[in-house]
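The sequence shown begins at 2 in the numbering used here and counts up one residue at a time.
Glycine included, C-beta positions come from ideal geometry on N, C-alpha and C.
Written out below as structure tokens is the structure these notes cover.
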Amino acid sequence: MDTTLINILCLILLFLGMLGTFLPVLPGLLLSICGLLIYKFGTDADLPMIYIWAFGLLTAISIVLSYVIPAKTNRKYGGTRWGSIGSIIGTIVGIFIPIPLGFLVGMFAGVFIGELLHDSKDMNKALQSTKGAFIGFIYGTGFSLVVGVAMFLVVLLDMLNII
């Protein structure tokens with residue numbers, strides 16, 4: 002296959018990966034890491050292996066953080082263990098609900114329901130806990146987006162022989 006076509010394919014995958022960090026229909030950084038690997042091993046690129054290892058590690062960290070951060074910020078905003086557990090369960094259940102942003106709706110519903118199961122009289126606490134989960138989601142998404150943009154820039158700059 003022509004190197005130009007491979008480079009275009011890599012840039013498309015990296016771009017789609019960046020979009021996927023906040024659009025749940027795309028697998029996010031997994032697309033980006035595929036673009037990076039195809040670029041490294043499908044062309045005659047001199048991209049050092051340290052980039053592959055570093056971005057692989059950052060992708061794994063991002064996947065873990067996308068589940069952990071909302072649960073932790075839920076606690077920071079006054080949530081209980083019930084809300085944290087609800088966040089994780091709701092996210093997993095929401096992935097399988099055939100609605101737009103099902104994982105996100107599931108996560109927020111899980112936090113809210115978990116907090117109400119813990120203390121059904123304190124709806125304000127449940128709302129605050131859900132707010133914390135939302136802020137955590139924003140942090141996790143921001144981290145993933147930064148990693149995706151960094152991968153895109155590293156490949157682009159390497160293509161242009163700048164790095």
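Beta-carbon separation of residue i and residue j under 7 Å?
i	j	result
K77	G133	yes
I86	G115	yes
V148	L59	yes
T92	G103	no
G137	I39	no
T74	H119	no
Between the C-alpha atoms of residue i and residue j, what's the straight-line distance to the nearest angstrom?
i	j	result
L15	I34	8 Å
D159	D45	11 Å
F144	G36	19 Å
L27	Y68	17 Å
I9	S63	25 Å
Please report the Cβ distance between residue i and residue j, rounded to the nearest whole angstrom; I am assuming they are in contact, meaning their Cβ atoms lie under 8 Å.
i	j	result
I90	G111	5 Å
F23	T142	5 Å
L31	K41	At roughly 16 Å, the Cβ-Cβ gap does not stay under 8 Å, so L31 and K41 are not in contact.
Indicate, with yes or no, if the ligand PLP has a heavy atom lying under 6 Å from the CB of residue i.
i	result
L146	Within the structure as shown, the ligand PLP is missing, as the structure has no ligands at all.
Less than 7 Å between CB atoms is the rule here; does residue i satisfy it with respect to chain C?
i	result
G95	Looking at the structure shown, chain C is missing, and only one protein chain is on hand.
Unbroken stretches of the alpha helix (DSSP H), 4 residues or longer, contained in the stretch 16-99: 30-43, 50-77 and 82-96
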